[in-house]
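Working notes, structure below.
Residue numbers (the working numbering): 409 to 829.
Written as structure tokens, this is what we have:
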């Protein structure tokens, strides 16, 4: 690649690596890549867009996730990384308010939108050239095929043949559940306009030995997860712990005004490999209804960052039940201003008792709670690896928000089970 305004030459294989040759050259309408963690799918996609926006002076890009607020820490960061890796920072203007990137020599733009504001997705008008490309990151989060069809239709209009441009939508995602509409539409019955491919960490030549060791440990200790998070195969979901739930938008303030409704906040600690997860719910005990309205779900969170994030979300004064295994963290969060944080109960039966209580509730999950939806769609009862028999305990996976939800509800479950009169 040679940039437009200087003589710097870039040998792309040195920047992109191997495993994505067909992906890089594909010009059909749909480019669909499911892959494991560390498979380079997002970074390769980000590199492709920066290179080709600079190559095609009339192209513009729309980047989409289900929830807008998740874009800054994912696609936006990946595209900034790609710009820096290619050494072309001087040619790009990067703004965070509004979230936008502009290729300065031509005025081409990268737009960022969330499906939580569909009007902003369908009403984009480009200032220069054509809106011909769209990248849907974490496409697994889009649970309704109709929502994808709306996006597909937004990439419309004729592109002059002399420009060399082509219309294309790229989907990248982790394949957690084989029942997802993406499998049936793109992988089971692909047409000649579709590239459907699978990648995994084995094609990532930049992983070090410590990274590879994590996958080898996963292969031995958690083969079910390794098939999906390691090899990029479709997840087979059977024996769900919670089935009485639905994804549905609702007015949070309207629910809060109901006299019978109480709040429910729970915190599960993580750090490097596991996220710290905050569950935010509203509960009506008499109606056996639980509304899930917000979440925090991030890796690498120190206690200071957790406190800052919860405060910025507006929940500093809420009573939060936190994981009992981290008493020092709970004390530190109290010192940092979460003055109503409390330790959750311990006990060998606390998990199953909490699950039993929650299974009686109808859960209504707001569409913006994308990580909660992913977890509850994959949180299953464990099986004996030798006999294949279902065990009376859940898997130790997809359980960060599931555990936080249990913590948040334990006082209500206790009051339902005991009388102190």
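Even glycine gets a Cβ: it sits at the ideal position worked out from N, Cα and C.
- Runs of the alpha helix (DSSP H) lying entirely within the segment 506-542 and spanning at least 4 residues, in chain order: 526-530.
- Here residue 762 has 814 as same chain residues with Cβ atoms under 6 angstroms from its own Cβ, once five neighbours each way along the sequence are excluded.
- Nearest C-alpha to residue 669 among 528, 692, 560, 480: 692.
- Inclusion of residue 672 and residue 816 in the CB contact set at 8 angstroms is warranted, their separation being smaller than that value.
- DSSP, reduced to helix, strand and coil, places residue 549 within a helical segment of the structure shown.
- Counting C-beta pairs closer than 8 angstroms gives fewer than three between the segment 441-456 and the segment 520-534, which falls short of the contact rule.
- The Cβ atoms of residue 643 and residue 608 lie no closer than 8 angstroms to each other.
- Around the beta-carbon of residue 580, 16 or more other beta-carbon atoms lie within 10 Å, marking it buried.
- In this structure, the CA atom of residue 593 is about 46 angstroms from the CA atom of residue 750.
- According to the DSSP secondary-structure assignment, residue 565 is paired through a beta bridge with no residue.
- Membership of residue 687 in any alpha helix (DSSP H) is not indicated; the residue belongs instead to the beta strand (DSSP E) covering 684-692.
- Bounds of the alpha helix (DSSP H) holding residue 721 are 711-721.
- Assignment of residue 821 by DSSP, reduced to helix, strand and coil, places it in the helix class.
- Straight-line measurement puts the Cα of residue 727 at about 53 angstroms from the Cα of residue 574.
- The shortest C-alpha to C-alpha distance from residue 684 to any of 806, 695, 775, 795 is the one to 806.
- For residue 500, the enclosing beta strand (DSSP E) begins and ends at 500-504.
- According to DSSP, residue 605 shares a beta bridge with 441.
- Burial state of residue 537 is buried, judged by a 10 Å Cβ sphere holding 16 or more other Cβ atoms.
- Look at the segment 607-649 and you find these whole runs of alpha helix (DSSP H), each 4 residues long or longer: 617-629.
- For residue 468, the enclosing beta strand (DSSP E) starts and ends at 467-473.
- DSSP, read as helix, strand or coil, puts residue 667 in coil.
- The beta carbons of residue 556 and residue 520 sit no closer together than 8 angstroms.
- Here residue 488 is actually not in contact with residue 472; their C-beta atoms are around 17 angstroms apart, not less than 8 angstroms.
- Residue 808 and residue 682 have their C-alpha atoms spaced approximately 8 angstroms apart.
- Excluding residues up to 5 positions away in sequence, 553 lie with their Cβ nearer than 7 angstroms to the Cβ of residue 589 in the same chain.
- With contact defined as three or more Cβ pairs closer than 8 angstroms, the segment 561-568 and the segment 419-428 are not in contact.
- Counting only the Cα atoms, residue 707 lies some 21 angstroms from residue 742.
- In this structure, the alpha-carbon of residue 603 lies about 30 angstroms from that of residue 784.
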